[in-house]
Amino acid sequence: MQIFGWAFILEAVAITAVNAATIVIFTRTNRLHSKQYIMIISQAVADLFVGLVAIPVFGVSLALNEDPRTSSTFKQVFLTTDSLFVVASMVGLAALAIERAHATYFPFRHSTLSKGPYIIGIILMWAAPISVAVLYTIFDPPDAVNSKLAVTVLAVVIIVSAYSLIVFKVRYRTTQAHDVTIQENKKLTVTLAVVTTLSLVMWLPFQCLGMAGVLKGSSPFIYFPAKFLQYGNSLVNSVVYAFRMREIKREILRTFLCCRNNQISINNETLP
């Protein structure tokens with residue numbers, strides 16, 4: 001199990017690095033200070049803690065040759081942190097889906113929204129996973145698992161419903177295609193739809209295997225790859241942002257060039 005343990009630790013490092021970079025870029029880039037990006041930052045925070053807390057607990061237990069599903073040392077910590085941050089990531093995608101649906105159907109009303117609804121959305125986004133995590137510390141795992149399953153299934157239903165409505169609206173839109181607000185919302189919606197689709201593709205195999213009862217007592221070669229893929233959904237979000245959002249690409253390039261110029265300056269100073 002040590003091999004799996006190191007694989008999870010490397011995954012945690014990658015997730016932590018890319019989501020930390022995403023948060024920094026969104027908070028320091030003036031063009032990305034719009035309130036519509038608040039939900040994305042909150043989502044990145046949830047994904048950051050998946051890499052910073054949830055996976056290390058899981059990976060360290062494997063590196064110590066202890067199965068986190070049965071280890072008396074890690075089981076409670078693993079169940080609590082895993083349910084909190086993994087569910088937060090999925091609920092965050094549902095919150096983004098609702099926000100995008102509102103932006104698609106009511107673009108002008110959406111553009112005049114204050115930060116209040118976004119703050120309420122973020123509070124609700126974290127309230128659900130925190131409640132599930134608390135249940136893991138109070139009740140037996142089977143009861144808590146049912147609550148976790150209910151929240152995640154509801155999140156998936158919201159995601160699918162919201163993006164189905166978005167597709168319907170975009171397909172039969174009658175407003176002007178050249179409207180700047182509509183075009184900006186459409187581009188961001190497509191980006192978040194790609195993020196959500198990839199996240200679900202990586203998240204659903206583990207969930208489906210768990211609902212089918214395949215994971216209980218299963219071979220490590222089934223359980224751990226499925227879990228690795230599930231955690232990986234916290235990595236794809238920031239990667240898609242880097243490829244799809246021009247402002248992020250520009251900031252990454254600027255940072256890279258700045259570091260390169262600094263390195264060249266240091267090398268020149270050390271030359272005799």
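Numbering of the sequence shown is given in full-length UniProt numbering, commencing with residue 1 and proceeding in unit increments. Just so you know, even glycine gets a beta-carbon here, dropped at the ideal spot from N, CA and C. Since the structure is predicted, the reported quantities are computational estimates derived from the model, not experimental observations.
If you draw a straight line from the Cα of I41 to the Cα of F221, it comes to about 34 Å. Under the three-state reduction of DSSP output, L113 falls in the coil class, being neither helix nor strand. Pairing K75 with A46, the inter-Cα distance amounts to about 21 Å. If you keep only unbroken beta strand (DSSP E) runs of at least 3 residues inside the segment 148-211, you get nothing at all.
Taking C-alpha positions only, I38 is separated from P117 by approximately 11 Å. In its chain, beyond the 5 residues on either side, L215, A226, K227, L229, Q230 have a beta carbon closer than 8 Å to the beta carbon of F206. The residue from A17, Y163, G232 with its alpha-carbon nearest to that of L96 is Y163. Rounded to whole angstroms, E251 and N30 show a C-alpha spacing of 11 Å. Separation of I25 and D82 (C-alpha to C-alpha, rounded to the nearest whole angstrom) is 27 Å.
In this structure, F8 sits away from G92, with a CB-CB distance that is not shorter than 9 Å. Distances from the alpha-carbon of A44 to those of K249, N233, R254 put N233 closest. Nearest Cα to I55 within the set P129, I15, R28: I15.
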